[in-house]
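J.: This structure is in structure tokens; I'll ask about it shortly.
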Amino acid sequence: MSGADDDRPVDPVTGYQTTGHNWNGIIELNTPMSRIAVWALVLAFLYSVVAWILLPAWPTGNHYTRGLLGLDQGAEAVDGYRQIHDARQGWMARFDDPDFAALAGDPAVMAEAGPAATRLFHDNCAACHGDDGGGGPGFPVLSDGYWMWGGDPATIAETIRVGINGTDPDTRISEMPRFDWMSREERAILADYVAGLPAQSADPGSPAAQLFADNCATCHGDTAAGGLDNGAPSLADASVIYGQDAETVNTTLWAGRHGTMPSWSGRLTPAEINLLALHVLRLSQGRATP
Amino acid sequence: MTDTLSLRERRIGFFLAILLALLGLTMAAAARHGAMAVHGVIAMAIGVALIFLIAGSLYDPDADPARKDRYYDAPTQAGIFFTLIWAMIGMGAGVWVAALLYWPEATPLWPATSFGRLRPVHTTGVIFGFGGNALIATSFYVLQRTARTRLADAISPWFVVIGFNLFCVWGVTGYLMGSTQSKEYAEPEWYSDIWLVIVWVTYFVLYMRTLARRNEPHIYVANWYYLAFILVVAMLHIVNNLALPVSLTGARSFPVWGGVQDAMIQWWYGHNAVAFFLTAGFLGMLYYFLPVRSGRPIWSYRLSILSFWGITFFYIWVGSHHLHYTALPYWVQTLGMTFSVMLLVPSWASAGNALATLNGAWHKVRDDATLRFMFVAAVFYGLSTFEGSFLAIRPVNSLSHYTDWTVGHVHSGTLGWVAMIVFGAIYTIVPHLSGREAMASPRAVEWHFWLAVSGTLIYVISMWNAGITQGLMWRTYSENGALAYSFLDSVRAMAPYYLLRTIGGALFLAGAVVCTWNCRKTMRAVPMGGSASDRPLSAQTPPRRPFDAEPAE
Numbered sequence: 001m002s003g004a005d006d007d008r009p010v011d012p013v014t015g016y017q018t019t020g021h022n023w024n025g026i027i028e029l030n031t032p033m034s035r036i037a038v039w040a041l042v043l044a045f046l047y048s049v050v051a052w053i054l055l056p057a058w059p060t061g062n063h064y065t066r067g068l069l070g071l072d073q074g075a076e077a078v079d080g081y082r083q084i085h086d087a088r089q090g091w092m093a094r095f096d097d098p099d100f101a102a103l104a105g106d107p108a109v110m111a112e113a114g115p116a117a118t119r120l121f122h123d124n125c126a127a128c129h130g131d132d133g134g135g136g137p138g139f140p141v142l143s144d145g146y147w148m149w150g151g152d153p154a155t156i157a158e159t160i161r162v163g164i165n166g167t168d169p170d171t172r173i174s175e176m177p178r179f180d181w182m183s184r185e186e187r188a189i190l191a192d193y194v195a196g197l198p199a200q201s202a203d204p205g206s207p208a209a210q211l212f213a214d215n216c217a218t219c220h221g222d223t224a225a226g227g228l229d230n231g232a233p234s235l236a237d238a239s240v241i242y243g244q245d246a247e248t249v250n251t252t253l254w255a256g257r258h259g260t261m262p263s264w265s266g267r268l269t270p271a272e273i274n275l276l277a278l279h280v281l282r283l284s285q286g287r288a289t290p
Numbered sequence: 001m002t003d004t005l006s007l008r009e010r011r012i013g014f015f016l017a018i019l020l021a022l023l024g025l026t027m028a029a030a031a032r033h034g035a036m037a038v039h040g041v042i043a044m045a046i047g048v049a050l051i052f053l054i055a056g057s058l059y060d061p062d063a064d065p066a067r068k069d070r071y072y073d074a075p076t077q078a079g080i081f082f083t084l085i086w087a088m089i090g091m092g093a094g095v096w097v098a099a100l101l102y103w104p105e106a107t108p109l110w111p112a113t114s115f116g117r118l119r120p121v122h123t124t125g126v127i128f129g130f131g132g133n134a135l136i137a138t139s140f141y142v143l144q145r146t147a148r149t150r151l152a153d154a155i156s157p158w159f160v161v162i163g164f165n166l167f168c169v170w171g172v173t174g175y176l177m178g179s180t181q182s183k184e185y186a187e188p189e190w191y192s193d194i195w196l197v198i199v200w201v202t203y204f205v206l207y208m209r210t211l212a213r214r215n216e217p218h219i220y221v222a223n224w225y226y227l228a229f230i231l232v233v234a235m236l237h238i239v240n241n242l243a244l245p246v247s248l249t250g251a252r253s254f255p256v257w258g259g260v261q262d263a264m265i266q267w268w269y270g271h272n273a274v275a276f277f278l279t280a281g282f283l284g285m286l287y288y289f290l291p292v293r294s295g296r297p298i299w300s301y302r303l304s305i306l307s308f309w310g311i312t313f314f315y316i317w318v319g320s321h322h323l324h325y326t327a328l329p330y331w332v333q334t335l336g337m338t339f340s341v342m343l344l345v346p347s348w349a350s351a352g353n354a355l356a357t358l359n360g361a362w363h364k365v366r367d368d369a370t371l372r373f374m375f376v377a378a379v380f381y382g383l384s385t386f387e388g389s390f391l392a393i394r395p396v397n398s399l400s401h402y403t404d405w406t407v408g409h410v411h412s413g414t415l416g417w418v419a420m421i422v423f424g425a426i427y428t429i430v431p432h433l434s435g436r437e438a439m440a441s442p443r444a445v446e447w448h449f450w451l452a453v454s455g456t457l458i459y460v461i462s463m464w465n466a467g468i469t470q471g472l473m474w475r476t477y478s479e480n481g482a483l484a485y486s487f488l489d490s491v492r493a494m495a496p497y498y499l500l501r502t503i504g505g506a507l508f509l510a511g512a513v514v515c516t517w518n519c520r521k522t523m524r525a526v527p528m529g530g531s532a533s534d535r536p537l538s539a540q541t542p543p544r545r546p547f548d549a550e551p552a553e
């Protein structure tokens with residue numbers, strides 16, 4: 001590589017000398033190092049040196065060079081969160097200790113908070129309840145006006161906060177017990193009876209009606225309409241949690257149900273919970289944008 | 001296979017096959033159930049099959065003594081066979097999991113077919129199965145021809161090819177059974193890792209012994225890269241896979257690293273798997289097949305030196321750019337970012353050197369689909385290394401991280417660069433080994449080229465759109481400080497891109513199927529031959545002194 005060596009063949013296409021190496025026909029040109037590559041390397045290195053001076057960069061034993069800008073990614077993250085939080089506070093603070101009636105009646109506040117509530121619902125609730133609150137197998141419908149724990153906004157907020165069979169110490173507790181002690185025949189006629197309730201085809205004078213009154217009415221109500229705010233759903237409306245065909249009801253009777261809803265107290269702020277409560281209420285009234 | 005081995009070599013092979021069967025039996029008997037037992041049975045089955053294969057030839061005539069005057073290409077041929085088989089498996093799994101992202105309800109109710117288990121089947125299948133076999137096969141081919149000598153022995157190349165494929169089979173079958181270390185690209189469990197170390201050390205020793213016997217004064221650039229690939233992958237593999245097995249009879253272990261150190265070690269490994277497995281080795285491939293196919297000299301030897309040392313030095317530092325804005329200390333992120341930017345220079349020097357090499361051969365690029373594969377590979381190498389350095393800059397990464405942009409970036413490298421150069425190499429080697437002038441169907445090569453290019457472009461462009469869309473949707477706030485989109489909105493927005501990605505991947509897979517069919521057609525019937533100059537230097541007539549330069553064309 002020391003200067004020109006006239007013994008080396010010259011490539012006719014480029015006019016450059018080769019290195020004289022030859023591997024079974026592969027040869028190389030002794031093209032000088034291109035200026036652009038060297039300059040690019042110098043530039044990239046300068047960029048790096050500037051970055052190293054400005055930012056935390058090199059370890060020095062137990063410490064590291066902090067950089068002239070004094071940046072700290074933990075502080076930056078907290079700062080970013082604060083900025084967003086402050087930008088929200090203008091309207092979000094209204095939900096801290098809410099007068100639900102006043103909020104719901106204030107179109108300006110709801111216009112500001114409504115879209116945010118929708119995102120919040122989509123990000124936290126929709127996975128189970130559906131993005132329009134339409135529920136799904138195992139998860140109750142929120143948009144139909146039937147409530148298992150009460151439907152006023154303060155109660156909805158409490159349900160969100162503590163959850164059902166959740167981890168909060170005050171969590172709501174509810175369970176459909178197993179009726180595995182019933183005879184197969186009893187369960188079968190009871191299941192048929194319950195399956196017929198929404199269509200009002202169940203016979204109120206039948207032995208099954210007696211079984212219902214003895215075993216189910218305590219929680220689900222004499223008319224099977226629920227609404228006792230104890231977690232037992234209405235069995236008389238069209239929307240059901242686990243399915244209301246005779247076979248599914250039979251399974252429910254035999255095995256019981258122990259659905260859960262997480263306690264959201266640690267994850268959402270009280271204002272966010274209140275906002276969601278209002279959103280759920282408005283979903284049931286057909287007033288929220290799903 | 002066995003007729004290329006001497007009787008003594010056959011006896012050694014027979015002994016090794018018995019050892020493999022015994023190893024498998026021991027693993028199966030000790031583990032009794034679970035992934036390790038199944039893997040023991042697989043090893044035992046392969047060992048027994050090899051015992052039968054070799055035993056049948058133990059009393060056959062000895063190998064032709066003239067074989068020493070030829071390069072030993074049978075392991076290369078086997079490696080190419082495995083490359084194509086793994087292409088079908090790995091790319092097939094890829095298209096299927098891409099389709100599952102669009103039709104998630106198509107997932108069968110069978111745990112082995114869940115997305116989480118099939119996804120590493122795709123990555124292991126294409127990176128290690130397809131890419132790894134291609135690297136091993138071409139490295140033997142290139143090493144012999146640039147060293148002008150036959151492989152140092154005939155047993156270890158077979159041990160490497162079969163052993164490496166056993167590792168891959170253990171990997172993908174383990175994932176289907178739910179056995180994984182949960183380290184990306186390093187999923188196989190501890191005993192597979194130990195097995196790979198044995199295979200890899202054999203590979204390294206074989207490479208060094210052959211190189212030491214070379215009949216050329218200089219070591220060609222391709223061999224620098226292949227050696228960097230073998231050596232550094234060994235180091236990465238061993239350090240990242242240091243783990244304590246729960247028991248010696250089960251497929252579970254815990255890494256010795258914990259917390260953020262574990263994450264850093266993992267991505268030091270992960271990115272250097274990209275660097276030394278998916279880049280250095282394939283640059284070795286490019287450095288041989290591009291000048292051979294184009295008939296042009298490498299444009300600049302000096303640029304090769306700058307590229308090689310730049311790539312090997314800078315790459316080792318950049319793994320931390322996978323952990324921007326995480327618990328990893330800021331200073332480690334800064335170093336990863338700055339070295340990533342500096343890395344662009346040697347990367348582009350390589351791509352530029354490759355493209356400048358084509359000067360004087362552009363008419364061949366136009367006419368020869370095989371050379372066009374290599375040209376496209378060099379272009380995509382340049383594009384994806386630029387993209388990589390760009391994405392490693394922290395603020396850019398805050399947009400791209402966790403999005404499909406990363407997926408698009410990886411595939412622009414693996415489809416556009418790695419797979420293209422592999423196909424270019426295959427279309428050069430396969431006719432050569434079959435004693436033909438060209439592939440059986442040149443039209444099929446042309447079809448493959450356009451299927452591969454259109455598949456890559458559709459895939460990469462849809463993932464760029466998907467990733468940037470996701471990144472922007474996740475970070476957009478309304479004026480009142482509330483998020484403008486829910487996560488669900490961003491998932492819904494992906495549907496058209498995921499469909500397009502599936503189509504792009506299917507086109508690429510279709511090209512690989514065409515390639516496999518064409519290779520099979522080419523390899524059949526015609527015996528291995530080759531030109532008179534394609535011999536070790538010792539077999540050349542008239543005999544020439546070593547280190548004599550051949551005249552330039």
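Protein sequences, first through last, are from chains A and B.
Read in the numbering used here, the first sequence has 249 at position 249, and its numbers run on one by one without any break.
Read in the numbering used here, the second sequence has 247 at position 247, and its numbers run on one by one without any break.
Just so it is clear, CB atoms sit at the ideal spot from N, CA and C, and this is done for glycine as well.
Everything numeric in this text was worked out from a predicted model, so none of it was measured.
For the region 495–502 of chain B against the region 462–475 of chain B, are there 3 or more C-beta pairs whose distance is under 8 Å?
T.: yes
J.: Taking buried to mean at least 16 other C-beta atoms within 10 Å of its own C-beta, is B/PHE547 buried or exposed?
T.: Confidence at B/PHE547 is low in this model, with a pLDDT of 48, below 50, so the placement of that residue should be treated as unreliable; the coordinate-derived value is given next. Exposed, by the Cβ-count rule.
J.: Comparing the C-beta of A/ASN250 with each C-beta of chain B, is any distance below 9 Å?
T.: no
J.: Identify each residue in the region 266–278 of chain B for which the Cβ-Cβ distance to at least one residue of chain A is less than 8 Å, and report them in chain order.
T.: none
J.: Near A/ALA57, which residues of its chain fall below 6 Å by C-beta distance, leaving aside the five closest residues on each side in sequence?
T.: Answer for A/ALA57: THR65, listed in chain order.
J.: Using a C-beta cutoff of 9 Å, does A/LEU68 count as contacting chain B?
T.: Not an interface residue.
J.: Looking at the secondary structure, which residues open and close the alpha helix (DSSP H) in which A/LEU281 lies?
T.: 270–284
J.: Mapping the DSSP letters down to three states, classify B/ASN359 as helix, strand or coil.
T.: coil
J.: With 8 Å as the C-beta to C-beta threshold (strictly closer), list the residues of the region 12–25 of chain A near chain B in chain order.
T.: VAL13, THR14, THR18, THR19, GLY20, HIS21, ASN22, TRP23, ASN24 and GLY25
J.: Closest to B/LEU7 by C-alpha separation, out of B/LEU451, B/ALA63 and B/ILE42, would be which residue?
T.: B/ALA63
J.: Just how far apart, CA to CA, sit B/LEU109 and B/GLY178?
T.: 15 Å
J.: If I measure Cβ to Cβ from A/GLY3 and keep anything under 8 Å in the same chain, skipping five residues before and after, which residues do I get?
T.: Reliability fails at A/GLY3, whose pLDDT of 47 lies under 50, so the model's placement of it is uncertain and the value that follows must be treated cautiously. So the list is empty, once near-sequence residues are dropped.
J.: Which partner residues does B/ALA243 have in the DSSP bridge list?
T.: Beta-bridge pairing links B/ALA243 to B/PRO255.
J.: Should B/ASP368 go down as buried or exposed, given a rule of 16 or more other Cβ atoms within 10 Å for buried?
T.: buried
J.: Which residues bound the alpha helix (DSSP H) around A/THR19?
T.: First-last for A/THR19: 18–23, but that is the beta strand (DSSP E), not the alpha helix (DSSP H).
J.: So B/GLY270 packs on B/HIS322, CB below 8 Å; how close in whole Å?
T.: 6 Å
J.: Could you pull the DSSP bridge partners for B/VAL577 from this structure?
T.: Because chain B in this structure spans residues 1 to 553, residue 577 of chain B falls outside the shown range and cannot be described.
J.: Only counting the same chain, and skipping five residues up and downstream in sequence, which positions put a Cβ closer than 6 Å to that of A/LEU268?
T.: none
J.: Run down chain B in chain order and give the residues with a C-beta less than 9 Å from the C-beta of A/SER174.
T.: Within chain B, no residue has its beta carbon less than 9 Å from that of A/SER174; the closest one is some 28 Å off.
J.: Taking C-alpha atoms, which residue in B/ALA35, B/ILE458 and B/PRO442 lies nearest to B/THR249?
T.: B/ALA35
J.: Helix, strand or coil: which one does DSSP assign to A/ASN124?
T.: helix
J.: Rounding to the nearest angstrom, what Cα-Cα distance links B/LEU100 and B/PHE81 in this structure?
T.: 29 Å
J.: Using 8 Å as the Cβ pair cut-off and three pairs as the minimum, do the region 276–286 of chain A and the region 181–189 of chain A touch?
T.: no
J.: Please report the straight-line C-alpha distance between B/LEU537 and A/GLN17, rounded to a whole angstrom.
T.: 25 Å
J.: Under 9 Å, Cβ to Cβ, is there at least one residue of chain A near B/ILE298?
T.: Yes, B/ILE298 lies at the interface with chain A (some Cβ there is under 9 Å from its Cβ).
J.: If you run the structure through DSSP and keep just helix, strand and coil, what is B/PRO395?
T.: helix
J.: Output yes if chain B places a C-beta closer than 9 Å to the C-beta of A/GLN73; else output no.
T.: yes
J.: Between B/ALA43 and B/CYS168, what straight-line distance do the alpha-carbon atoms span, to the nearest angstrom?
T.: 12 Å
J.: What number of angstroms, rounded off, separates the C-alpha of A/ALA236 from the C-alpha of A/ALA277?
T.: Going from the Cα of A/ALA236 to the Cα of A/ALA277 covers about 25 Å.
J.: Given a cut-off of 9 Å on the beta-carbon distance, is the pair B/LEU176 and B/ARG117 in contact?
T.: yes
J.: Could you confirm whether any beta carbon from chain A is found closer than 9 Å to the beta carbon of B/SER253?
T.: no
J.: Anyone know if the C-beta pair for B/THR428 and B/THR370 falls short of 9 Å?
T.: yes
J.: For A/SER2 and chain B, any beta-carbon pair shorter than 9 Å?
T.: Since pLDDT at A/SER2 reaches only 44, below the 50 mark, its modelled position is unreliable, and no value is offered.
J.: Please tell me whether A/ALA104 has its Cβ less than 9 Å away from any Cβ of chain B.
T.: no
J.: Do B/LEU283 and B/ILE555 have their beta-carbon atoms positioned less than 9 Å apart in this structure?
T.: Not covered by the structure: residue 555 of chain B. The range shown for chain B is 1 to 553.
J.: Give the secondary structure of B/ASP534 by DSSP, where H, G and I count as helix, E and B as strand, and everything else as coil.
T.: coil
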